[in-house]
Structure formats: structure tokens, C-alpha cells
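Engineer: In the order they appear, the protein sequences are chains A and B. Position 36 of the first sequence, counted from 1, bears residue number 487 in the numbering used here, the numbering being contiguous throughout. Position 62 of the second sequence, counted from 1, bears residue number 513 in the numbering used here, the numbering being contiguous throughout. Just so it is clear, CB atoms sit at the ideal spot from N, CA and C, and this is done for glycine as well.
Protein chains: 2
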Amino acid sequence: MMRHSAPTTAPPPRERERRDPAATRQALLHAGAELFSERGFDGVPIEDIAQRAGVNKALISYHFRGKRGLYVAILQSAFAEMAARLEAIEAKAKNTRQALRAFLEAFAQLTRERPGFPTLFLREVLAGGIEPSVLPSLLAIIGVSRRLAERGAREGLFRRVDPLLLHFALVGSLVFFFSTEPARLRAAAQGLVPFAMPDSSAFVRYLEEITLRGLAPSGRTPGVAHPPSNRRKGARA
Amino acid sequence: MMRHSAPTTAPPPRERERRDPAATRQALLHAGAELFSERGFDGVPIEDIAQRAGVNKALISYHFRGKRGLYVAILQSAFAEMAARLEAIEAKAKNTRQALRAFLEAFAQLTRERPGFPTLFLREVLAGGIEPSVLPSLLAIIGVSRRLAERGAREGLFRRVDPLLLHFALVGSLVFFFSTEPARLRAAAQGLVPFAMPDSSAFVRYLEEITLRGLAPSGRTPGVAHPPSNRRKGARA
DNA sequence: GTCTATAGGCTGATAGAC
DNA sequence: GTCTATCAGCCTATAGAC
């Protein structure tokens with residue numbers, strides 16, 4: 452997609468199609484994201500990335516100044532995209548309940564589009580030394596869930612809690628669930644597991660429900676029904 | 452600890468103290484657990500492990516048939532210990548509320564004793580191809596939290612939910628929280644983060660509370676007070 | 001059981017042709 | 001911008017002395 456430098460005459464005679472430099476970069480970013488998320492930074496030889504991207508491995512050094520540079524570029528784009536999506540959701544949601552639901556579903560959605568992201572995310576936080584260049588995005592993501600908690604308290608949907616607790620509980624279980632999903636599916640497919648694994652939409656619904664009920668102001672048990680339930684301040688204990 | 456082959460005469464003249472083979476194995480397991488959890492399997496040269504353990508790197512091959520063998524041995528012991536603890540808790544708890552609290556605190560406790568375990572756990576699940584030899588322990592751990600959900604429903608503390616959803620929500624956020632704690636503390640110490648990070652006991656309490664409230668049978672809002680609250684079967688909706 | 005020395009494989013980077 | 005060829009460094013494993 453998006454090739455703009457095709458020569459006016461015949462298509463290039465090489466066996467593999469000629470591409471934009473931009474397309475090359477893009478292919479490397481994409482292939483790298485997949486492989487790094489599967490095997491971690493140290494587990495991936497640069498040659499494998501080049502091969503999956505369909506380009507020569509020397510191009511990694513040319514375009515990204517080496518393996519580490521490619522990795523950082525991938526991280527930055529992943530974190531930035533996640534932060535941007537969540538912030539967009541926050542701005543669009545009319546109330547906390549909607550914001551919570553959209554927040555949860557954004558994770559599921561992003562996972563569908565880029566299966567490697569949650570794992571990439573997790574691996575990086577695990578590594579301990581967080582890449583300085585992704586810190587702004589990371590703080591932005593934390594900011595969204597913090598404000599979710601604060602907004603919920605303001606609107607009377609939640610009682611007051613440390614917003615960071617909400618953040619870690621939500622994001623932690625989301626990231627864990629989605630980044631381990633491939634392993635679960637594989638294990639289930641091989642018949643290694645003696646029970647049915649929950650699917651992602653059930654999990655998202657569960658998190659939503661438990662958050663709404665778990666954080667409801669005392670004495671109020673909120674309906675979690677999907678119809679836009681008449682919203683009033685709720686009875687007291 | 453536990454050295455049984457000390458010679459009858461003078462202590463050995465070597466510069467470093469002579470040790471049991473068992474002590475050597477133990478030192479390697481311990482050093483390996485720390486390093487693998489910090490940097491992942493591929494990120495750790497065998498020499499670093501030997502050095503931290505204070506033994507020669509060739510001993511890794513001798514005792515564990517190579518790097519991979521050491522890694523698997525570490526995984527097995529970590530998973531087995533976790534499973535054993537959780538099962539012990541389950542057997543000892545008098546009711547679901549106690550079991551839940553003990554379950555959560557076991558994670559915090561184990562983290563204090565062996566800081567690398569949650570990360571090791573997470574890295575392994577992330578890798579996708581779960582080591583067959585740890586599968587039994589993994590299933591045992593899942594079994595404990597499954598039965599926690601079932602027991603809670605039986606005792607009227609929880610409403611019915613898919614036990615696996617409870618499992619993933621609890622274990623996911625626990626493992627995430629604890630395995631990222633070192634990174635968080637480091638970031639906070641460097642002043643990179645503009646807010647106070649929650650400590651682990653607050654997080655554990657939050658999870659307990661949100662689970663109790665979130666799963667309470669409809670119409671019942673359980674007190675989460677710590678005094679051993681008079682326990683009756685609980686009112687219905 | 002432990003250590004030293006070394007072999008052999010693989011990896012990331014780059015010089016230089018195209 | 002892209003590719004080929006090459007190289008130096010590191011890493012695991014092991015043979016053999018102690």
C-alpha cells in the first residue's frame with residue numbers, strides 16, 4: 452500500500468518487487484513487532500526480521516541504526532498508538548460508564564489489529580529499565596485510567612479510590628490476559644487443558660462488571676445491563 | 452546450609468570455600484532465577500550466572516546438562532513452590548473470604564521472599580510454548596483459583612461466575628503488579644513519575660475489596676472490614 | 001566435582017559494489 | 001536505497017587435567 456515512486460516506464464525487472472524506502476521501513480517495523488513480541492529482543496536474530504520483511508538485513512542498520520534502534524522505533528510507535536487511542540476514547544465518552552467500557556474494548560480491539568502489542572508492552576515494562584523515549588506515552592496511558600477513576604468519583608459512579616489502584620488492576624489484567632492468549636489458545640488446541648478457556652469478550656465484560664460493582668458507592672449495586680439504563684444518583688444504604 | 456561431606460581434618464586450603472555439590476546446584480539455581488527473571492533466557496550469558504553463584508561456568512553443564520536444563524529446573528521449582536503454597540492455603544482456610552485473602556497475600560509474600568518469581572512466571576507464559584514440565588503445576592495453580600470461585604458461590608459469598616474469569620483477573624493483575632514493581636520503584640526513585648506509586652499491600656487490599664464487592668450476590672454489599680465480622684449466611688436480594 | 005582451555009556456531013555491524 | 005561479502009566478538013558446550 453502507498454507506493455508513489457513507480458517509474459514512468461516498465462515495472463522493475465528484479466525478481467522481488469521494488470519498493471519505497473518508506474515501505475521498507477514499514478515492513479521492518481511490522482515484522483520486528485511480531486518477532487520481538489514473540490521471542491523478546493535478545494531472542495530474535497536480525498536476519499529473521501529481514502527475512503519476514505522481505506528485505507536485506509543490512510537495511511536495518513541503514514534505516515534504524517542497528518537492531519536496538521529498530522526495537523526502540525517499534526516500541527515508540529506501539530506506545531504512542533495505544534496512548535492516542537485511549538485519549539481519544541476518553542475525550543469522546545459521554546460518561547464514565549461509557550469511558551470504562553470503551554477503555555476495555557480498546558485493548559481488545561488493538562489486540563485484534565496488532566496481536567503483538569500487549570506482549571511488547573509487557574515485555575518492556577518487565578525489562579525494568581523503561582526506554583526513556585516511551586515514558587511520555589506510558590504516562591499518558593496511566594493518565595487516562597487515573598482520570599477515569601476521578602471522573603467516576605465525580606459523577607457518583609465510583610466511590611473514591613486511589614486512581615492508580617484502578618489503573619494497575621485494570622491494565623494489569625488486560626495486558627496479562629491478552630498477551631497470554633496465544634499461549635492459551637495453543638494449549639487448548641493441543642488438548643493440554645481440561646477446561647474451556649474464556650474468550651476475550653467474556654473477559655472484558657467480566658472486568659467491566661466487577662469494576663462497576665466493586666467500585667459502586669456503598670449500598671448501591673449498579674445494574675450492568677447494556678441498555679442505557681436510566682441514570683439517577685442511586686439509592687443509599 | 453546442609454553440608455555433609457566436610458572432611459574430618461582441616462578446612463580446605465582453597466581461596467574460596469569448598470562446597471557441597473548440593474550447595475553448588477543451589478547457588479546456580481538461585482543465581483539463575485534472579486538473572487533469568489531480570490533479563491530473560493536469551494539475555495543472560497551462562498558466565499554471569501556462574502559468577503554470581505561463585506562457581507565455574509562448566510558446572511552448569513555438569514549439573515544441569517546445559518543452560519536450558521538449568522532454566523527448566525528453575526522454572527519447575529518456582530512453579531511447584533507456588534502451586535504447593537496456594538494449595539496449602541486453600542486447605543487451611545476456613546471459608547472463602549479467608550481463602551481469598553490468604554491467596555492474595557501469598558503472592559505478595561512469595562514476591563518478598565523471591566523477588567524474581569512473578570517475572571519468571573510471566574516471562575514463561577509470555578514465551579508461548581509453555582514448558583511441558585511445568586504444566587502440572589500451572590494447572591494446579593489454576594485449579595486453586597477455580598475452586599476459590601466455586602467455593603465462594605457455594606458459601607453464598609459470590610454469585611456464580613466462570614471461575615476462570617476470576618482466575619485471570621486476579622492472577623493477571625497480581626503477577627503484573629508484582630513483576631513490574633521493581634521497574635516502578637526505580638522510576639519513582641529517579642523522580643521520573645509525577646505521582647506516588649501504590650504499595651503492594653494497598654494493592655492487595657484493593658483487589659480483595661473489589662473482588663468481594665464485585666462478586667457479591669445481587670443486593671448484598673459485603674463489609675470488607677478486617678475484624679472477623681459475625682459470619683452468617685448473608686441476606687439475599 | 002571442579003576448573004582451564006579451546007573449539008565451533010551464531011550474531012550484529014559495515015565496507016563497498018551496484 | 002539496496003544488496004553481497006566479510007569480520008570480529010561473544011556465547012555455549014566439552015575434553016581433559018586436577
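1) Whole alpha helix (DSSP H) runs in the segment 529–557 of chain B with 4 or more residues, listed along the chain?
2) In angstroms, rounded to a whole number, what distance separates the CA positions of residue 608 of chain A and residue 547 of chain A?
3) Give the straight-line distance between the Cα atoms of residue 559 of chain B and residue 474 of chain B, rounded to the nearest whole angstrom.
4) Within 10 Å of its beta-carbon, does residue 561 of chain B have 16 or more other beta-carbons around it, so buried, or fewer, so exposed?
5) For residue 615 of chain B and residue 648 of chain A, I'd like the C-alpha separation in whole angstroms.
6) Can you name the start and end residues of the alpha helix (DSSP H) that residue 489 of chain B belongs to?
7) Is residue 613 of chain A close to chain B, meaning its C-beta is less than 8 Å from at least one C-beta of that chain?
8) So with Cβ pairs under 8 Å, would you call residue 533 of chain B a contact of chain A?
9) When the Cα atoms are used, what is the spatial distance from residue 641 of chain B to residue 622 of chain B?
10) Shortest alpha-carbon distance to residue 625 of chain A belongs to which of A/477, A/578, A/663, A/658?
11) Hey, is residue 633 of chain B's beta-carbon within less than 8 Å of any beta-carbon in chain A?
12) Nearest-angstrom Cα distance between residue 589 of chain A and residue 565 of chain A?
13) Can you tell me whether residue 513 of chain B is buried or exposed, with buried defined as 16 or more other CB within 10 angstroms of its CB?
14) Leaving out five residues before and five after residue 584 of chain A in sequence, what residues of the same chain have Cβ atoms less than 8 Å from its Cβ?
15) Could you tell me whether any Cβ in chain A is nearer than 8 Å to the Cβ of residue 529 of chain B?
16) Chain B beta carbons: is any one of them nearer than 8 Å to that of residue 624 of chain A?
17) Confirm, please, whether the CB-CB distance from residue 661 of chain A to residue 661 of chain B is below 8 Å.
18) If the cut-off is 7 Å on Cβ atoms, which residues from the segment 557–570 of chain B count as contacting chain A, listed in chain order?
19) Where in the segment 553–632 of chain A do unbroken runs of the alpha helix (DSSP H), each at least 4 residues long, occur, reported from the N-terminal end onward?
20) Hey, is the segment 625–640 of chain A in contact with the segment 566–573 of chain A, meaning 3+ C-beta pairs nearer than 8 Å?
21) Between the alpha carbons of residue 620 of chain B and residue 620 of chain A, how many angstroms are there, rounded?
22) Would you check if the segment 536–544 of chain B and the segment 498–518 of chain B touch, i.e. whether three or more CB-CB distances between them fall below 8 Å?
23) Could you check what DSSP says for residue 687 of chain A in three-state terms: helix, strand or coil?
24) Mind listing which residues of the segment 471–484 of chain A have their C-beta closer than 8 Å to chain B's C-betas, in chain order?
25) Where does residue 713 of chain A sit, in a helix, a strand or coil, going by DSSP?
26) When you compare the CB of residue 649 of chain A with every CB in chain B, is at least one pair closer than 8 Å?
27) Closest by CA to residue 654 of chain A, which one among A/556, A/576, A/543?
28) Which two residues bound the contiguous alpha helix (DSSP H) that contains residue 654 of chain A?
29) Residue 493 of chain B touches chain A at which residues, Cβ-Cβ below 7 Å?
30) Any idea what DSSP makes of residue 509 of chain A, helix, strand or coil?
31) Rounded to the nearest angstrom, how far is the Cβ of residue 579 of chain B from that of residue 633 of chain A, given a contact under 8 Å?
32) Within 10 angstroms of its Cβ, does residue 599 of chain B collect 16 or more other Cβ (buried), or is it exposed?
33) For residue 610 of chain B, collect the residues of the same chain with a Cβ closer than 8 Å to its Cβ; drop the 5 residues on either side in sequence, then sort them by chain order.
34) If you draw a straight line from the C-alpha of residue 497 of chain A to the C-alpha of residue 518 of chain A, how long is it?
35) Is residue 521 of chain A helix, strand or coil by DSSP?
Structural biologist: Reading it off the structure:
1) none
2) 7 Å
3) 27 Å
4) So residue 561 of chain B counts as buried.
5) 7 Å
6) 472–490
7) yes
8) The beta carbon of residue 533 of chain B does not come within 8 Å of any beta carbon belonging to chain A, so the residue lies off that interface.
9) Their Cα atoms are separated by approximately 29 Å.
10) A/658
11) yes
12) 18 Å
13) exposed
14) Around residue 584 of chain A: 523, 526, 527.
15) no
16) yes
17) yes
18) 570
19) 568–578, 586–605, 614–630
20) yes
21) 8 Å
22) Contact between the segment 498–518 of chain B and the segment 536–544 of chain B is absent, because fewer than three Cβ pairs lie under 8 Å.
23) Reliability fails at residue 687 of chain A, whose pLDDT of 37 lies under 50, so the model's placement of it is uncertain and the value that follows must be treated cautiously. Reduced to three states, the DSSP call for residue 687 of chain A is coil.
24) none
25) For chain A, the structure presents residues 452 to 688; residue 713 of chain A sits outside this window and is missing.
26) yes
27) The shortest C-alpha separation from residue 654 of chain A is found at A/556.
28) 651–666
29) 491, 493, 494
30) Secondary structure of residue 509 of chain A (DSSP, three-state): helix.
31) 6 Å
32) Per the 10 Å Cβ criterion, buried.
33) Cβ neighbours of residue 610 of chain B beyond the five flanking positions: 604, 666, 667, 668, 669.
34) 7 Å
35) helix
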